[in-house]
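Novice: One structure is given below, represented as structure tokens, and several questions about it will come after.
Residue numbers (the UniProt record's numbering): 1 to 824.
In structure tokens, the structure reads:
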């Protein structure tokens, strides 16, 4: 009994040690270190710190990244000092510095903190901030001796600040990587530019690359791509201690970044979790192709990203150079002298204001006072509110106006009032007068013509409705007359026979009348190859009307030339295929001693043609179509041995959206070609046709039926092919007829590989027809190894009670197989 208390004490000690390890997982102390291959993980496991090699580089760096999302490094310590081996370690020195040491204990990188601290500890926080603090004091921002948030690299995380810490004379700014493989500081930096008003600018070296407009509490820094959003809140604080910008998402668990890439593009992105893991969604990227670039159009111009030409002169200026649809232009004043009597202002609404090169700021003025002050000064070119959010203050521009632009549609800008000569405002007034005078002259006749035409259309609709009702009545009466004349008033079996055989023909006008001209209100849904509508005959009988689609056309699909529905017969007229079906060539027919010869090139052309036909059905047809009965007897061959897919009696059609699969209570088709999920569970999708295509490929390459038995260890062609593939004896699978031709062995292996990929048991593992067409047309694409196919073990499908009566035959009974289709 004494053993039990000892065991309990031992378990408790183990638990305490485990808790200590867990608690220490986000910290480093002078007594511990992080080796290459080990990681520091924040408490909520949101961020990791460790060693990494970016892109194709073999150098090692110490960095921080999102734990859930791959390739998302947000901070790098030793940007300028890459490590050439895997022997570096990270630790905390006794004087409170984080140090990165090489194998010889030489310092690669250090935080260079000069302070006295008794118990230093480095901690990776849940916001991604790596901090050094005194473990003896409270864990607050004020207690940090050093933090990575003060030294950003190319990424601004949420709650991370950009701008100036005026107390410590520290600037926080973004610096791009040199390239995706090199995190050393690149050419571009993004920082707050403190002029009369604060802006955010990106610099290429010392040259401005792009700049925002002034701050707006709703949209942040006004730019060509700024907008009011409901995903995150932005902040700008300007006081004696700091001038800082930061943001935070409304949904705190969200992962969001503002990143400066090596080409100078500033991108805000948010990471969302889906079924495939985590994916980045780009909210915006700045600058855009034209208007985001600083001063792109030139002085006294305005840039319009949504129209051509992109650049145009401001009001009061005229073109000096030839117009370029997308390039910069030169503008000059349309009048020589300044301060002309009668000058006024025109409002440019919702724009990104010009740069603050020569400006004057007065926070106490309102907009009316600002206009009067600007008008007094001959050098004043424009004015606006300095406080966009509250609509107060006065900002005046002098000299040339540079970097003004219209934001994109639905994006937020501000109002700027531009000074123009009296002649310009006079032109505008004249234009409005002309519009007011001309508009009624245009609208009144148009309204009169519209009313006349509408009245005429209504009269025609009434006439057409009466005519259609007459036609409908005529069609019904003619059908009744035809039935009476042809079959009489028979009783018993004769009456039933008459009812089964009678099929009246309706005119298009009468069918349109019954379905209210095929209106959407009458539409019941999409059926096989057409829309189904609810109709009502004049005698009150409700009917279903199916309008067949005529849009199914492809060179590898058999053409339907017409049909006949008369005297109880249902007949389809198809284009004639003189070479019958593929099974005749592969397996022969009963009165033929051997199959017809089909060479390698012909088989390749047949495989590629079938693939193209299925790709059209699955992807490029107006409606997505799943065949469900693809087999060798349903592939017809024309005069030139070009394949044509036929027999769409079992096909299912989906709308033009993303619907890719369906199910059925009864699996219909041909066993031996049916995918396992369809044969066993009634589930079918485009991958069901891919499975059938794989069977067809193997049969075409081998000249053997899938339902045959070819050795003692396999139950069908799939098992036989899989055994040969595993044993690297794939050449034994090939039809000897093919081996008589000059063929490329790598291509032959590639085709067998593709076929085995198509017949894998799990539908998700199979490629799509788009993938297959790409693979067989591009020999440079690497192929994955196939997994074991379905139906390679168990009872031979050929002898199964579930197989249809035609499976055991070498080929179809008929040269062309056509399913019987009944209304449903």
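In this text, a Cβ means the ideal position worked out from N, Cα and C, and glycines have one as well. The structure displayed is predicted, hence computed values, not measured ones.
Is residue 60 helix, strand or coil by DSSP?
Specialist: Three-state result, residue 60: strand.
Novice: Per DSSP, which one or two residues make a beta bridge with residue 193?
Specialist: Answer by DSSP bridge pairing, in chain order: 199.
Novice: Answer with buried or exposed for residue 620, where buried requires no fewer than 16 other C-beta atoms within 10 angstroms of its C-beta.
Specialist: Classification of residue 620: exposed, given that the 10 Å Cβ count is below 16.
Novice: Please state whether the Cβ-Cβ distance between residue 518 and residue 555 is less than 9 Å.
Specialist: For residue 518 and residue 555, no; Cβs fall outside 9 Å.
Novice: Quick check: residue 402 and residue 295, are their CB atoms within less than 9 Å of each other?
Specialist: Yes. Within cutoff.
Novice: Taking the alpha helix (DSSP H) that residue 769 belongs to, which residues open and close that run?
Specialist: Note, residue 769: alpha helix (DSSP H), 769-777.
Novice: Where do the N-terminal and C-terminal ends of the beta strand (DSSP E) with residue 301 fall, by residue?
Specialist: Where residue 301 is concerned, the enclosing beta strand (DSSP E) stretches over 301-303.
Novice: Touch check for the region 171-178 and the region 146-157: three-plus C-beta pairs under 8 Å?
Specialist: Yes: the two stretches touch, three or more of their Cβ pairs being nearer than 8 Å.
Novice: Assuming residue 125 contacts residue 162 (C-beta within less than 8 Å), just tell me the rounded distance between them.
Specialist: Residue 125 to residue 162, Cβ: 18 Å. No contact.
Novice: For residue 125, does the three-state DSSP call read helix, strand or coil?
Specialist: Residue state, collapsed to three classes: coil.
Novice: When you compare each of 122, 242, 139, 421 to residue 171 by their alpha carbons, which one comes out closest?
Specialist: Considering only alpha carbons, the answer is 242.
Novice: In angstroms, rounded to a whole number, what distance separates the CA positions of residue 44 and residue 90?
Specialist: So the two alpha carbons sit approximately 22 Å from each other.
Novice: Determine the burial state of residue 747: buried for a count of at least 16 other Cβ atoms within 10 Å of its Cβ, exposed for fewer.
Specialist: With fewer than 16 Cβ atoms within 10 Å of its Cβ, residue 747 is classed as exposed.
Novice: Going by the DSSP bridge assignment, what does residue 50 pair with across the sheet?
Specialist: 63, per the DSSP bridge assignment.
Novice: Using a Cβ-Cβ cut-off of 8 Å (strictly less than) and excluding sequence neighbours within five positions of residue 481, which residues of its own chain qualify?
Specialist: Since pLDDT at residue 481 reaches only 40, below the 50 mark, its modelled position is unreliable, and no value is offered.
Novice: Using the beta-carbon count (16 or more within 10 Å), is residue 38 buried or exposed?
Specialist: Residue 38 is exposed by the Cβ-count criterion.
Novice: Using three-state DSSP, classify residue 482 as helix, strand or coil.
Specialist: Bear in mind that a pLDDT of 39 at residue 482, under 50, signals an unreliable position, so the number given afterwards is only what the model happens to contain. DSSP places residue 482 in helix when its eight states are reduced to three.
Novice: Using beta carbons (cut-off 9 Å, strictly below), is residue 390 in contact with chain D?
Specialist: In the structure shown, chain D does not exist; there is a single protein chain.
Novice: Which runs of the alpha helix (DSSP H), 4 residues or longer, sit entirely within the region 703-749?
Specialist: Correct list: 717-726, 736-739.
Novice: Which one or two residues does DSSP pair with residue 100 in a beta bridge?
Specialist: The partner list for residue 100 (beta bridge, DSSP) reads 90, 109.
Novice: Between residue 108 and residue 132, is the Cβ-Cβ spacing less than 9 Å?
Specialist: Not in contact: residue 108 and residue 132 (Cβ atoms no closer than 9 Å).
Novice: Which same chain residues, not among the five before or five after residue 144, have their C-beta less than 6 Å away from its C-beta?
Specialist: Hits under 6 Å: 131, 133.
Novice: Only counting runs of 4 or more residues, tell me where the alpha helix (DSSP H) segments fall wholly within the UniProt domain "Apple" (339-422), in order along the chain.
Specialist: Fully enclosed alpha helix (DSSP H) runs of 4 or longer: 367-376.
Novice: Just tell me which of 293, 390, 137 has its CA closest to the CA of residue 826.
Specialist: Examination of residue 826 is not possible in this model, given that the chain is present from 1 through 824 alone.
Novice: Under the three-state reduction of DSSP, which class applies to residue 295: helix, strand or coil?
Specialist: Correct three-state label for residue 295: coil.
Novice: Kindly indicate which residue of 687, 116, 640 has the alpha-carbon position closest to the one of residue 759.
Specialist: Among 687, 116, 640, the Cα nearest to that of residue 759 belongs to 687.
Novice: Provide the residue span of the beta strand (DSSP E) that contains residue 635, from first to last.
Specialist: From DSSP, the beta strand (DSSP E) with residue 635 extends over 635-637.
Novice: Going by Cα to Cα distance, which pick from 71, 266, 317, 404 is closest to residue 350?
Specialist: Of 71, 266, 317, 404, the residue nearest in Cα terms is 404.
Novice: State the DSSP-derived secondary structure class of residue 673, mapped to helix, strand or coil.
Specialist: It is coil, neither helix nor strand.
Novice: What first and last residue would you give for the alpha helix (DSSP H) that runs through residue 582?
Specialist: Run containing residue 582: 582-587, per the alpha helix (DSSP H) assignment.
Novice: Quick one: Cα of residue 183 to Cα of residue 54, how far?
Specialist: Residue 183 and residue 54: Cα-Cα distance of roughly 8 Å.
Novice: CB of residue 573 to nearest heavy atom of the ligand PLP: below 8 Å?
Specialist: In terms of ligand content, the structure shown is empty, and the ligand PLP therefore cannot be addressed.
Novice: In the DSSP assignment, what are the bridge partners of residue 153?
Specialist: According to DSSP, residue 153 bridges with nothing at all.
Novice: In whole angstroms, what is the alpha-carbon distance linking residue 637 and residue 576?
Specialist: The alpha-carbon atoms of residue 637 and residue 576 are separated by roughly 9 Å.
Novice: How would you call residue 315, buried or exposed, if buried means at least 16 neighbouring beta carbons within 10 angstroms?
Specialist: That one is buried.
Novice: DSSP three-state call for residue 644: helix, strand or coil?
Specialist: Residue 644 falls in the strand class under three-state DSSP.
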